[in-house]
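2 protein chains.
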Amino acid sequence: MQNNEKIALANCERKLRDAQATKRKLINSALLAFSTQGYDASSTRGIETVAGVKRGLINYHFGSKKALWKAAAEHLMSTTERDLGSALADMKQIDEEQQLRFFIRSYVKFCARHPELNRLMIQEGMAHDWRLTWLLERSVRPWYEQVCRAFSRAAELGTAPKMDAHHFYYVLTGAATLIFSNAAEAAALSGKDPLGPETVDAHADVVADLLTSIRKPL
Amino acid sequence: MQNNEKIALANCERKLRDAQATKRKLINSALLAFSTQGYDASSTRGIETVAGVKRGLINYHFGSKKALWKAAAEHLMSTTERDLGSALADMKQIDEEQQLRFFIRSYVKFCARHPELNRLMIQEGMAHDWRLTWLLERSVRPWYEQVCRAFSRAAELGTAPKMDAHHFYYVLTGAATLIFSNAAEAAALSGKDPLGPETVDAHADVVADLLTSIRKPL
DNA sequence: TATATTACTTGTCGATTGGCAAGTTAAATG
DNA sequence: CATTTAACTTGCCAATCGACAAGTAATATA
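Chains as they are written, first to last, in my numbering: chain A, 319 to 536; chain B, 319 to 536.
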């Protein structure tokens, strides 16, 4: 009896796990398509093919293309909050004068690990439809205010250059991410892999040097 | 006779001008669609509707969607070269130590006047297909080398911050353009028009201050 | 063992896509 | 005035789109 129950439970879990695996594969494939091609240019059939699953499973598991986009965006944003959140927790352990520099370097390295985040923001930031509204309320506005607060604290300490916080946000975001968002172009221009560890580290240093008014320690 | 000839010539020119007007309207509409929605998400029927012309005229005047893209991109790139070229000619008239600052401010203000340029580059810079190849050979590579040369000259004068030219290119381009490319998002976050003259001028100052190591004159 | 549920599969629908071809219209030409 | 040409118009085509519905197969439950 107990044995049968365990087997039944294991089967149930395996079945659930397989369904979760299908959803996970679809979300990863959707994220790739939506961030690089945009929402309208991404076909559900193409997303299913890249995910390696049968046609129709998007509508079965998510109900619609719109719901798939929301699930994929939610997955990306929660991943972002988890990864960047732990970096920001580490930040508070270090010397206050170095915090802005640490923040910027962490942000640049995160953007290199997840270029799909900024690609999606670029795709959806140009026109104001339901997807930009969703992104703004779900994560962009909180993140924007967090960056502005970090900048204001650094400005009080004198570790940030003098400028308006709004311009700082777009200078930081643009300077930090374009080389990764446009990796294909950057690779063709330089001959090097923009997402390789050396380039990422060098870029993080450049952006941090520019956007902090004190020099990095030896 | 001479009068008739003049009338005939005028009629001929009017006919030709109307055809040119149709092509111009289609190119402007195509540029808007391709830069904000991307190539695949832009429909030829939609482009014709926005242009206010009848269905079928894209294939009549350009032959195919691909040829329309090339014509629109060529128009944008020649406009860019003309506008930025005159700014760069003005640059050589001023004090050499102020040239990098003037260059950056001119570039930022141009990007605000023509956000479709950087939007198109972002759309096409993510994946390496025939459109990125076309853009690279037609204009990106020459412009990239021009920026790198301007940076190197400024570095010799000591007016540029110390960094690799490739990183300078992407820091400048990203910092200068994201606030305009993502104007819908930036407007929602700040409540102000990112393309308005005050915001553009403030942004040009911020980027120029950051990317030149000497202060602006009184 | 019979039934129900979950996960997946497949056929089909109406709408939209880019492109072609056979038109029409009007001005230019001889 | 007859003919040609340039500019535009429209009907149609195969392919693809998102979505739905009617399946199948395997597992869970009673």
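Glycine included, each C-beta is placed from N, C-alpha and C at the ideal position.
**Contact with chain A by Asn500 (chain B), beta-carbon distance below 8 Å** = Stepping through the second sequence from its first residue, residue 500 (chain B) is reached at position 182. So yes, Asn500 (chain B) belongs to the interface.
**Asked** Skipping 5 residues on each side, what residues in its chain have a beta carbon closer than 7 Å to that of Pro512 (chain B)?
**Response** The count along the second sequence starts at 1 and reaches residue 512 (chain B) at position 194. The answer, listed in chain order, is Ile497, Phe498, Ala501, Ala504, Ala505.
**Message:** Tell me the residue span of the alpha helix (DSSP H) that contains Thr398 (chain B).
**Reply:** Indexing the second sequence from 1 puts residue 398 (chain B) at position 80. Its alpha helix (DSSP H) spans residues 383-409.
**Request:** Let me know the alpha helix (DSSP H) ranges lying completely inside the region 417-488 of chain B, each 4 residues or longer, listed in chain order.
**Result:** 417-431, 433-443, 448-453, 459-475
**Prompt:** Just how far apart, CA to CA, sit Asp527 (chain A) and Asn436 (chain A)?
**Reply:** Indexing the first sequence from 1 puts residue 527 (chain A) at position 209. Indexing the first sequence from 1 puts residue 436 (chain A) at position 118. About 22 Å.
**Asked** Which term fits Ala339 (chain A), buried or exposed, when burial requires 16 or more other beta carbons within 10 angstroms of its beta carbon?
**Response** Indexing the first sequence from 1 puts residue 339 (chain A) at position 21. When all chains shown are included, Ala339 (chain A) counts as exposed.
**Asked** Which term fits Arg423 (chain B), buried or exposed, when burial requires 16 or more other beta carbons within 10 angstroms of its beta carbon?
**Response** As a working note, residue 423 (chain B) is residue 105 in the second sequence. Buried is the call here.
**Asked** Under a Cβ-count criterion, where at least 16 other Cβ atoms within 10 Å of its own Cβ denotes burial, should Tyr462 (chain A) be classed as buried or exposed?
**Response** Indexing the first sequence from 1 puts residue 462 (chain A) at position 144. Classification of Tyr462 (chain A): buried, given that the 10 Å Cβ count is 16 or more.
**Item:** Residue-level contact to chain A via CB, Pro479 (chain B), 8 Å cutoff
**Value:** As a working note, residue 479 (chain B) is residue 161 in the second sequence. For Pro479 (chain B), the answer is yes, since a Cβ of chain A falls inside 8 Å of its Cβ.
**Message:** Just to confirm before moving on: does the CB-CB distance between Gly476 (chain A) and Ser531 (chain A) stay below 8 Å?
**Reply:** By 1-based counting over the first sequence, the position of residue 476 (chain A) is 158. By 1-based counting over the first sequence, the position of residue 531 (chain A) is 213. In this structure, Ser531 (chain A) lies closer than 8 Å to Gly476 (chain A) by Cβ.
**Request:** Give a yes or no on whether the minimum CB-CB distance between Ile497 (chain A) and chain B is below 8 Å.
**Result:** Taking the first sequence and counting its residues from 1, the one referred to as residue 497 (chain A) is at position 179. So yes, Ile497 (chain A) belongs to the interface.
**chain A contact for Ala506 (chain B) (CB, 8 Å cutoff)** = Here residue 506 (chain B) corresponds to residue number 188 of the second sequence, with the count starting at 1. Ala506 (chain B) counts as touching chain A.
**Request:** Determine, using beta carbons only, whether Ala493 (chain B) and Gly492 (chain A) come nearer to each other than 8 Å.
**Result:** Start at 1 with the first residue of the second sequence, and residue 493 (chain B) comes out as number 175. Start at 1 with the first residue of the first sequence, and residue 492 (chain A) comes out as number 174. In this structure, Gly492 (chain A) lies closer than 8 Å to Ala493 (chain B) by Cβ.
**For Ala359 (chain A), three-class secondary structure by DSSP** = What you label residue 359 (chain A) is simply residue 41 of the first sequence in a count that begins at 1. It is coil, neither helix nor strand.
**Request:** Could you tell me whether the Cβ of Lys534 (chain B) comes closer than 8 Å to any Cβ of chain A?
**Result:** Position 216 of the second sequence holds residue 534 (chain B). Confidence in Lys534 (chain B) is poor, its pLDDT being 44 and thus under 50, which makes the residue's placement unreliable; the coordinate value appears in the next sentence. False, the Cβ-Cβ gap to chain A never drops below 8 Å.
**Contacts of Leu386 (chain B) in chain A (Cβ-Cβ under 8 Å)** = Within the second sequence, numbered from 1, the residue matching residue 386 (chain B) stands at position 68. Neighbours of Leu386 (chain B) on chain A: none; closest Cβ ~17 Å, over 8 Å.
**Request:** Determine the chain B residues that contact His446 (chain A) at a beta-carbon separation under 9 Å, and present them in chain order.
**Result:** Taking the first residue of the first sequence as 1, we reach residue 446 (chain A) at position 128. The contacting residues are Ala502, Glu503, Ala505, Ala506.
**Prompt:** Is the closest heavy atom of the ligand FAD to the C-beta of Asp408 (chain A) under 7 Å?
**Reply:** Among the components of this structure there are no ligands whatsoever, and the ligand FAD is therefore not found.
**Prompt:** What in chain B is Cβ-close to Ala359 (chain A), meaning under 9 Å?
**Reply:** Stepping through the first sequence from its first residue, residue 359 (chain A) is reached at position 41. Chain B residues near Ala359 (chain A): Gln355, Gly356, Tyr357, Asp358, Ala359, Ser360.
**Message:** Spatial neighbours of Ala468 (chain A) within its chain, please: C-beta separation below 6 Å, excluding the five flanking residues on both sides.
**Reply:** Position 150 of the first sequence, counted from the first residue, corresponds to residue 468 (chain A). Hits under 6 Å: Phe421.
**Prompt:** Are the CB atoms of Leu507 (chain B) and Arg456 (chain A) nearer to each other than 8 Å?
**Reply:** By 1-based counting over the second sequence, the position of residue 507 (chain B) is 189. By 1-based counting over the first sequence, the position of residue 456 (chain A) is 138. In this structure, Arg456 (chain A) does not lie closer than 8 Å to Leu507 (chain B) by Cβ.
**Asked** Can you give the Cα-Cα distance for Ser356 (chain A) and His485 (chain A), rounded to whole angstroms?
**Response** If you number the first sequence from 1, residue 356 (chain A) lands on position 38. If you number the first sequence from 1, residue 485 (chain A) lands on position 167. With the sequence shown as reference, residue 356 (chain A) is identified as Gly, and Ser is not the correct amino acid for it. Each residue's alpha carbon lies about 26 Å from the other.
**Message:** Let me confirm a value: Arg431 (chain A) is counted as buried when at least 16 other C-beta atoms fall within 10 Å, else exposed. Which label applies?
**Reply:** Translated into positions along the first sequence, residue 431 (chain A) becomes position 113. So Arg431 (chain A) ends up on the exposed side.
**Asked** Using the C-alpha atoms, what's the distance from Asp401 (chain B) back to Lys384 (chain B)?
**Response** Within the second sequence, numbered from 1, the residue matching residue 384 (chain B) stands at position 66. Within the second sequence, numbered from 1, the residue matching residue 401 (chain B) stands at position 83. Their Cα atoms are separated by approximately 26 Å.
**Message:** Quick check on Asp511 (chain A) - is its C-beta less than 8 Å from some C-beta in chain B?
**Reply:** For this step, residue 511 (chain A) is matched to residue 193 along the first sequence. Judged by the 8 Å Cβ criterion, Asp511 (chain A) is not in contact with chain B.
**Request:** Let me know if Glu434 (chain A) comes out buried or exposed under the rule of 16 or more other beta-carbons within 10 Å of its beta-carbon.
**Result:** For the purposes of this step, residue 434 (chain A) is identified with residue 116 of the first sequence, where counting begins at 1. Glu434 (chain A) comes out buried.
**Prompt:** Could you check where the alpha helix (DSSP H) with Glu503 (chain A) kicks off and where it finishes?
**Reply:** To locate residue 503 (chain A), count along the first sequence from 1; it is residue 185. Segment 501-508, the alpha helix (DSSP H) holding Glu503 (chain A).
**Leu453 (chain A) vs Ala391 (chain A) beta-carbon contact at 8 Å** = The residue labelled residue 453 (chain A) in the question sits at position 135 within the first sequence. The residue labelled residue 391 (chain A) in the question sits at position 73 within the first sequence. Yes, the pair counts as a contact, with Cβ atoms nearer than the cut-off.
**Request:** Spatial neighbours of Ala472 (chain B) within its chain, please: CB distance less than 6 Å, with the 5 preceding and 5 following residues excluded, ordered by chain position.
**Result:** Counting from 1 along the second sequence, the entry for residue 472 (chain B) is found at position 154. So the list reads Leu418, Ala478, once near-sequence residues are dropped.
**Request:** List the residues of chain B that Ala520 (chain A) touches, going by C-beta distances under 8 Å, in chain order.
**Result:** Taking the first residue of the first sequence as 1, we reach residue 520 (chain A) at position 202. Going along chain B in sequence order, the residues near Ala520 (chain A) (Cβ under 8 Å) are Asp482, His485.
**Prompt:** Taking the Cβ atom as the reference point for each residue, do Leu344 (chain A) and Leu386 (chain A) lie within a distance shorter than 8 Å?
**Reply:** Looking up residue 344 (chain A) in the first sequence gives position 26. Looking up residue 386 (chain A) in the first sequence gives position 68. Yes. Within cutoff.
**Asked** So, is the C-beta of Gly370 (chain A) closer than 8 Å to a C-beta in chain B?
**Response** Here residue 370 (chain A) refers to the residue found at position 52 when the first sequence is read from its first residue. Taking Cβ atoms only, chain B never reaches closer than 8 Å to Gly370 (chain A), which makes this a no.
**Message:** Looking at chain B, is there any beta carbon in it that lies within less than 8 Å of the beta carbon of Ala473 (chain A)?
**Reply:** Mapped onto the first sequence, residue 473 (chain A) falls at position 155. By this cut-off, Ala473 (chain A) is not an interface position.
**Asked** So the alpha helix (DSSP H) Leu528 (chain A) belongs to, where does it begin and stop?
**Response** If you number the first sequence from 1, residue 528 (chain A) lands on position 210. Counting along the chain, the alpha helix (DSSP H) containing Leu528 (chain A) begins and ends at 515-529.
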